[in-house]
Structure formats: structure tokens, C-alpha cells
Amino acid sequence: MPPPPSTVDDARTRAPLADGGPETPLAVLRRVFGYQDFRGDQAEIIDTVVAGGDALVLMPTGGGKSLCYQVPALVRPGTGVVVSPLIALMQDQVDALSALGVRAGFLNSTQDLAERRRVERAFLDGTLDLLYLAPERLRVPDTLDLLERGAIALFAIDEAHCVSQWGHDFRPDYLQLSVLHERWPTVPRIALTATATEATHAEIAERLQLTAARHFVASFDRPNIQYRIVGKDKPRAQLVDLLRAEHPGDAGIVYCLSRASVEQTAQHLVEHGIPALPYHAGLDSRVRAANQSRFLREDGLVMVATIAFGMGIDKPDVRFVAHLDLPKSVEGYYQETGRAGRDGLPSTAWLAYGLQDVVQQRRMIDTSEGDATHRRRLAAHLDAMLALCETVTCRRVQLLAYFGQTGQPCGNCDTCLAPPEAWDGTLAAQKLLSAVVRLDQRGQRYGAGHVVDILLGKATPRVGQLGHETLSVFGIGADISEGEWRGVVRQLLAQGLLAVDADGYGTLRLTETSPDVLRGTRSVLLRREAPRTARPARQSTRTATSELGADALTVFERLRAWRAATAKTKGVPAYVVFHDATLREIATRLPTTLAELGTISGVGVTKLDTYGAELLEVLAA
Ligand code: ADP
Ligand code: ZN
Numbered sequence: 004m005p006p007p008p009s010t011v012d013d014a015r016t017r018a019p020l021a022d023g024g025p026e027t028p029l030a031v032l033r034r035v036f037g038y039q040d041f042r043g044d045q046a047e048i049i050d051t052v053v054a055g056g057d058a059l060v061l062m063p064t065g066g067g068k069s070l071c072y073q074v075p076a077l078v079r080p081g082t083g084v085v086v087s088p089l090i091a092l093m094q095d096q097v098d099a100l101s102a103l104g105v106r107a108g109f110l111n112s113t114q115d116l117a118e119r120r121r122v123e124r125a126f127l128d129g130t131l132d133l134l135y136l137a138p139e140r141l142r143v144p145d146t147l148d149l150l151e152r153g154a155i156a157l158f159a160i161d162e163a164h165c166v167s168q169w170g171h172d173f174r175p176d177y178l179q180l181s182v183l184h185e186r187w188p189t190v191p192r193i194a195l196t197a198t199a200t201e202a203t204h205a206e207i208a209e210r211l212q213l214t215a216a217r218h219f220v221a222s223f224d225r226p227n228i229q230y231r232i233v234g235k236d237k238p239r240a241q242l243v244d245l246l247r248a249e250h251p252g253d254a255g256i257v258y259c260l261s262r263a264s265v266e267q268t269a270q271h272l273v274e275h276g277i278p279a280l281p282y283h284a285g286l287d288s289r290v291r292a293a294n295q296s297r298f299l300r301e302d303g304l305v306m307v308a309t310i311a312f313g314m315g316i317d318k319p320d321v322r323f324v325a326h327l328d329l330p331k332s333v334e335g336y337y338q339e340t341g342r343a344g345r346d347g348l349p350s351t352a353w354l355a356y357g358l359q360d361v362v363q364q365r366r367m368i369d370t371s372e373g374d375a376t377h378r379r380r381l382a383a384h385l386d387a388m389l390a391l392c393e394t395v396t397c398r399r400v401q402l403l404a405y406f407g408q409t410g411q412p413c414g415n416c417d418t419c420l421a422p423p424e425a426w427d428g429t430l431a432a433q434k435l436l437s438a439v440v441r442l443d444q445r446g447q448r449y450g451a452g453h454v455v456d457i458l459l460g461k462a463t464p465r466v467g468q469l470g471h472e473t474l475s476v477f478g479i480g481a482d483i484s485e486g487e488w489r490g491v492v493r494q495l496l497a498q499g500l501l502a503v504d505a506d507g508y509g510t511l512r513l514t515e516t517s518p519d520v521l522r523g524t525r526s527v528l529l530r531r532e533a534p535r536t537a538r539p540a541r542q543s544t545r546t547a548t549s550e551l552g553a554d555a556l557t558v559f560e561r562l563r564a565w566r567a568a569t570a571k572t573k574g575v576p577a578y579v580v581f582h583d584a585t586l587r588e589i590a591t592r593l594p595t596t597l598a599e600l601g602t603i604s605g606v607g608v609t610k611l612d613t614y615g616a617e618l619l620e621v622l623a624a
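Residues in the sequence shown are numbered consecutively from 4, following this note's numbering.
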């Protein structure tokens, strides 16, 4: 580690090398960002862009994409122009850069004329390092003229998957970003996304005309995220148990499918003493913006949301992402869970999943608008998601395989930590399918609940009324519990050996492959249902603060309180002041001088200048 500068120089003035050349990327990383080394492909990506080449970067959330364009923008002459669809987050991004002493601004529809003029002037004067632009700005001829009159270091196209017409984040304005290349053929372009599929990758390259770009595809593994998928019983109670046991006081996101369930879940958490806010498209836009802002600014809030929430949220200390409903695709699941643990500290991805999810999603597909091809695609997505839920092998291996990457059993997912038993469910499947056949012979069809009652031999009023106790299958499944039967139904649905009608009642029917099971030519392997009260293997789960000793933890909490107060005064999110990881390092190393403080990861010259003295006082107290 080089000795820190004895005096804090101003990050705003580019520090030229002795020979008058530009500062190197590594020097910028250390001086401005306070990080010691580049990670993964960062150095190579940055070198490519600094040298004037194009790059297409696929890197998971938390991989460190921002530095890949921020550093070249600081090294190359001119302003780095960043195209981003995340208008609501631009202010925070600019604040975070300003806190590092980087001169940044944005142009979007939320600002008034005076503010826009100020940013335009700074750009033309060459006093702006980074300029964030909403894609729709590029439709305005004025914007293109403005860009024409300034000096541009590079174009960064963030969230580049928004150009994909098949993805759910599609933005028509992204399609015309090829104009950048036509008008500025010599300005390097870097497109970045956390979307991992091969199809999206190819589509980005084609639509943005990145023909000569170097492609950088990182590993999509997120080793700090622990993946867990549990049986759904009483999801809200299960969630409260999880948060109380493993994430007290932590920030996290809970995803629900419907607006109503978002509202109810948020309320349920609040009633149980867990601070939570709702977020869905049905809320007034001001309420939504206010809730998002609180989630980003305050420590330890839980956001209960539909999938409308989350893209671009760069809060680094989201400690858990919980799904109370089954995501529609593995891509969606990966993106949503990926919002946990951007800071690399241990985090949890937890999904509660049950029979009703399968029934509901199959029905949604059957009744969805669009042609047969579209429905087939939705069904394929769901099947892949179900396979992930029902796997008896490592979740991470399966997840990475979906993106065409290989891995070893990870030791940090539920199936690795507590390997589930597989059992031969052929006989059970035959009993269940027979019951469906017997009812069908009477011209009757029922949902899982009633069919299971028949198998269990339960004399419910409905069974009596319909005379179903006379069926030959009545009571033939009494050896298996009700919960296990629901698991059998769910797994047969997942394996396509049983189907539900699109009639809205979830009635069961056979599929083309069911007869193979009934005839005994196909056997059925099932995952044993974990008992509902089973706790995950706690001994091997680490929490973000568990490695800190008692003393360090006390200091860490004191630093967090100082950070919360500072962030509040400045009106910025806490992580703009310092990340948890930086506070943890301070709490462990207990620096006593500015020079020592400056060697801590995440403390660049500007932050040292702004907060150094205050921090040392907090530590001395
Ligand atoms: P992405 O945009 O790919 O999701 P970010 O750019 O937000 O990721 O980076 C994720 C986290 O990692 C941030 O907290 C960032 O400050 C940190 N980070 C990125 N690169 C480095 C590095 N070379 N050294 C230390 N921390 C880094
Ligand atoms: Zn695993």
C-alpha cells in the first residue's frame, strides 16, 4: 500500500503525472474512490475504453460496473456521457459522485430550466466529468446539438438490456441509441448490463451496433448471497420469523405479486414491529418516490414491493430479498435476488413457494393475451423456475447453468446446507392420478384440496354431499400427510405430469405424460418436504456483522449512528457518506490519524477531507 498523501489535494483538479501526461486509471481509483485495486475485468475494460475502444460488459449486480465508465471518464479528456433510464435515481448518483469530488450533473425531465442551463453550461465549459442523460433526451435535437458543441470522453449506455424488445424493461428510446455511433464515430462506447442471458447479449450487440466492441462476460455467481427456497405455509408468519431470527434491523426487499398483497404484507410487518413501506404501480407517484427515497436514505427499512421496484437501486446494504410469490422466470428471480448484498457482505435470498403458486401461474399463462408462441415462451420460463424450486442439487449450480455457466456445489444454499432427501413417489403419483381419473370418469373435476381430501379418506361435508366416499380411491393415501400430498401435487405439476385447467378453479387434469406413470412405465422421483417448523442450518449462515468482535461492533454501531445523522443533514442516502464495508474496516482497524484513515478502502481524498477529522473524533470518544 503506498503511503497516503500528507496533504489532501483537491480531487477536482486532475493530478497530472510528473511528465504532464494524464493520471493512470489505477491512480484515479486510489485517489478518488479510495480503493486499492481493480476487481475482475475492471482494469481490462477500463484500458479498452481509455484507449478509445468500444466495450460490451455483462457483469452481475454488485460486480462494479459503474467504475468501468467512471474511471475512463476521469482519465480521458472531455465529459463522460451516461445514458440511463433511471431518472429517479440520477440525483442520488450525482450526489454520490459529488461526495467523491467528481463533477457530475444530469439532464432529465424532472429539473427546472435554470438547473438545466447550469448543467449545460458546465458541460460546454468542460467542467463536468460525468453527465447523466435520460434516453428520451436524445430525441430532442437541442440535446444532440448541445453534445455536438462540447467535448465527449465516452458514451456509457447503462442498463443496456433496455434495448431488448423481449425483456420486460424494454425502452423504445434505447433503439435509437445507435445515433450516437453515427454522429460520434470516434467516441468510445461502453454498454453495461446485469442481464445474463445469451439472447439479450446478442441483441444488445446488434441493436447498438457494437460491431467492433470487446465483450466482457463476468461470472454471474454471487457467492455472498445464500439462496433458500422453502415450502409456503403461512408466508407472512414465515417471513416475520425469518426477519426476527436472521435479519433484525436489516434493510431488505420483499417481493409480492399483487398490489393488495404488497399492502397487506407491509402492514403485517409493521404490526409485528418491523418498519416496512409499500411500493407498487397503483400508488400515487409522489408516495412511491417518497417511499423509495426513505428506503435509500434510512437504515434498516423493509420495502415490500411488486417487481415494479428495484432496477438500478444501488443501495449496497440490502441484506435480504424475500419472495412471497413465485417469480415468473429464472431471469426475474436472479435480477430481483441480485439486489441483495451489492457490498459483497453475506445476504439472504429467500423464496416461499407452494402449490397455489404453480396453479396460479399456470392459469395466468393459459389466460394471457398473445399468441401460442408467446404462451409457450412463458411456460418455458415457468418450467425453468419450477425446476430450480424442486431441484435436489445445489441451487447455485442450477442457477448458473441456466445462464450457461458452470459451478461447483456451493455450500451456501439450502440444498447444500441441508441436502433434501429424494424419495420414490411413483406409487403416490399413481394414487393421485387415479383419483383424478376416477373423478373424470364421473364427468367431474376438482382442485387439489378436494382430491387430497379423498385420498386421505376425510369425510368432509363436500365428500358426503358428492358421495365421494364410495370411490375406490377414497382413503388410499392415508399413509401420507396432507402437507406431503400437497407437495406431491405441486411436484407433479412442476414435472408436467399433471396440469391445472384455466377455468379459475385450479381443477386438476391429466397430461400427455400422465398415462406413462399410471402404466408404471415411468417412475417419479420427488423431493421430501421439509417439516414446516424446520429451521435452516443456522450454524453456517453468517450475518453481515457476525465477524465483528463485541468491541468492534460497538464502534461500528456508533459509526452508523454518526453516518445516519450526517446523511440526514446533507439530505443524501447513508451509503453516499460511507458504505458499511468501509465503516466495518474503520471499526476493526481503529485508525488514529488522517494518514491511517486514508488507507482504508472506500476513503478517497475528498471524503478524507470532508469527514476525516469528524470521524477521528467519533473514534476518540
Ligand atoms: P454494479 O453497478 O455492477 O451493480 P457497483 O458499481 O454499484 O456495481 O459496485 C458495487 C459495489 O462494489 C460498490 O459498493 C462499489 O463501490 C464497490 N466496488 C466496485 N469496484 C470496486 C473495487 N475495485 N474495489 C473495491 N470496491 C469496489
Ligand atoms: Zn449450493
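Built from N, CA and C at the ideal position, the CB exists for glycine as well. Owing to the predicted nature of the structure, the values given are computational and were not obtained by experimental measurement.
For the alpha helix (DSSP H) that residue i lies in, which residues bound it at each end?
i	result
Ile457	Ala451 to Leu459
Ile49	Gln45 to Val53
Trp488	Glu485 to Ala497
Tyr614	Val608 to Ala623
Ser625	Outside the modelled stretch of the chain, which goes from 4 to 624, sits residue 625, for which no answer is possible.
With 16 as the cutoff for other CB atoms within 10 Å, does residue i come out buried or exposed?
i	result
Arg379	exposed
Phe173	exposed
Gly523	exposed
Pro175	exposed
Val143	exposed
Trp169	exposed
Thr51	buried
Ser526	exposed
Pro464	exposed
Arg300	buried
Gln638	With the chain represented from 4 up to 624, any question about residue 638 goes unanswered, as that position is not in the structure.
Thr130	exposed
Asp132	buried
Leu528	exposed
Ala117	exposed
Tyr72	buried
Tyr405	buried
Thr268	buried
Are there any heavy atoms of the ligand ATP lying less than 8 Å away from the beta-carbon of residue i, as far as the coordinates show?
i	result
Gly414	This structure lacks the ligand ATP; its bound ligands are the ligand ADP and the ligand ZN.
Are the Cβ atoms of residue i and residue j separated by less than 9 Å?
i	j	result
Val324	Ser350	yes
Gly601	Gly37	yes
Leu242	Leu389	no
Leu403	Lys331	no
Pro423	Val395	yes
Val491	Leu435	yes
Asn327	Cys259	For the sequence presented, residue 327 should be read as Leu rather than Asn. In this structure, Cys259 lies closer than 9 Å to Leu327 by Cβ.
Gly407	Cys397	no
Gly615	Thr585	no
Pro138	Ser101	no
Leu354	Val233	yes
Ala425	Arg531	yes
Asp145	Leu195	no
Asp3	Gly486	Shown here, the chain extends from 4 to 624; a query on residue 3 therefore has no answer.
Ala216	Pro63	no
Name the two residues that bound the continuous beta strand (DSSP E) containing residue i.
i	result
His218	Arg217 to Val220
Gly234	Ile228 to Gly234
Arg192	Arg192 to Thr196
Ser101	First-last for Ser101: Ile90 to Ala102, but that is the alpha helix (DSSP H), not the beta strand (DSSP E).
Arg512	Leu511 to Leu513
Tyr258	Ala254 to Tyr258
Leu59	Ala58 to Leu61
Asp427	Ala425 to Asp427
Pick out the complete beta strand (DSSP E) segments inside the segment 267-329, 3 residues or longer, and give them in chain order. If we require 3 residues or more, the beta strand (DSSP E) runs fully inside the segment 267-329 come out as 279-282, 305-308 and 321-326.
Meets three-Cβ-pair contact criterion under 8 Å: the segment 87-94 and the segment 60-71: Because the criterion of three Cβ pairs below 8 Å is not met, the segment 87-94 and the segment 60-71 do not touch.
Complete beta strand (DSSP E) runs within the segment 106-138 (minimum length 3 residues, chain order): At a cut-off of 3 residues, the continuous stretches assigned as beta strand (DSSP E) that sit fully inside the segment 106-138 are 107-110 and 133-136.
Below 8 Å, how does it come out for the segment 303-318 and the segment 367-384: are there three or more Cβ pairs, yes or no? no
The segment 283-297 in contact with the segment 307-315 per 3-pair CB rule at 8 Å: yes
Are there three or more Cβ pairs, one per stretch, closer than 8 Å when the segment 174-186 is compared with the segment 45-55? The segment 174-186 is not in contact with the segment 45-55.
Pairs of beta-carbons, one from the segment 156-164 and one from the segment 79-86, closer than 8 Å: are there three or more? yes
Three or more C-beta pairs closer than 8 Å, one from the segment 465-477 and one from the segment 357-368: is that the case here? no
Are at least three pairs of beta-carbons, each pair with one atom in the segment 241-255 and one in the segment 264-274, less than 8 Å apart? yes
Spell out a yes or no on whether the segment 124-131 and the segment 105-112 are touching, meaning 3 or more CB-CB pairs, one atom from each, closer than 8 Å. yes
Any beta strand (DSSP E) of 3 or more consecutive residues that is wholly inside the segment 372-414: For the segment 372-414, not a single whole beta strand (DSSP E) run of length 3 or above is found.
Completely contained alpha helix (DSSP H) runs for the segment 547-605, where each covers 4 or more residues: 553-573, 577-580, 583-592 and 597-600
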